[in-house]
Amino acid sequence: MKTRVLLFAGLRARVGAEAIDLDLPAGTPASGVFDHLGATPAEAARWRAVTRIAINMTYSAGTTLLREGDEVALIPPVAGG
Amino acid sequence: MTPPCSISITTAPLELDGAYRALDDPTTGAALVFAGRVRDRNTGRPVRGIRYATYAAMAHAEGERIWAEAAARWPVRRGVIWHRIGDLAVGEASVLIGVATAHRAEAFAACQFCLDALKERAPIWKEETYTTGDVQWIDDLRSSWPAAPVGDSAGTSSC
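Residue numbers (our numbering), protein chains in the order written: chain A, 2 to 82; chain B, 3 to 161.
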């Protein structure tokens, strides 16, 4: 299941890429993408705790199951306005 | 039907005159524009400048959602939701939120709602440069992740 994951701000700097393309098993929940960023489980858990997830430009629960072609964005704490 | 709102995520300087013009409507007695500006200090440290980055398509979509919610709660007639991205100096406007309504009470309330919602929800991030030369993403969680990029990287590193 092809999934594009967009990275921003501090998370983009840490991972070293604006986007990564993953091939995930069908039925993977959105929160599962944190396990594919190259971090230790403890560090992935820290990010998962404060990073929101958007699927196709809409905030979504981490439990939402991903579908083929979804564009996932990981949204670290925002600071607009 | 949702009343019109000018929504813009732009690198161009934000002009107050333009915002007021976008709120023109002879049925409205109240036109209110809030301007957020870059301050010279944050958490006690002197700021030299700010760089805003965004997930532009979603910021625009979220702006539309916020306006629709405001329109459902208050009798707004026109709106402006403008955010600047890129490099800004101290004193420059980062955001203009504007509302035009028949009367003033709902203008203040709707404007505050849109601003607060934008600050909480818009996918926009801020990287501050201090006079010391230090650069930091606001709310960045310092961690000890390895510096090497992951194997499936599709893009190049850029903040």
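Note that the Cβ used here is the ideal one computed from N, Cα and C, for glycine as well.
Excluding sequence positions up to five away, which residues of its chain have a Cβ less than 6 Å from the Cβ of E94(B)? V40
Straight-line CA distance for W76(B) to A124(B)? When rounded, the distance between both Cα atoms is 21 Å.
Mapping DSSP to helix, strand and coil, what is G11(A)? helix
Can you list, in chain order, the residues of its chain whose CB lies under 6 Å from that of R53(B), leaving out five sequence neighbours each side? D89, E129
Quick check on DSSP: helix, strand or coil for G38(B)? strand
In the region 60-79 of chain A, which residues sit with their C-beta less than 8 Å from some C-beta in chain B, listed in chain order? Y60, A74, I76, P77, P78, V79
Suppose the cutoff is 7 Å on Cβ atoms and the five residues either side in sequence are ignored; what does the same chain contact list for R50(B) look like? T131, Y132, T133
So for P48(B), helix, strand or coil by DSSP? strand
Could you check what DSSP says for R23(B) in three-state terms: helix, strand or coil? Of the three classes helix, strand and coil, the one that applies to R23(B) here is helix, per DSSP.
Does DSSP put A18(A) in a helix, a strand or coil? If DSSP states are grouped into helix, strand and coil, A18(A) belongs with coil.
Kindly indicate which residue of T65(A), A62(A), M58(A) has the alpha-carbon position closest to the one of E64(B). M58(A)
Please report the distance separating the alpha-carbon of V174(B) from that of G82(A). The shown model of chain B, from 3 to 161, leaves out residue 174(B), and the question about it has no answer.
Say whether chain A places a C-beta atom closer than 8 Å to the C-beta of W69(B). Cβ-Cβ to chain A under 8 Å: no for W69(B).
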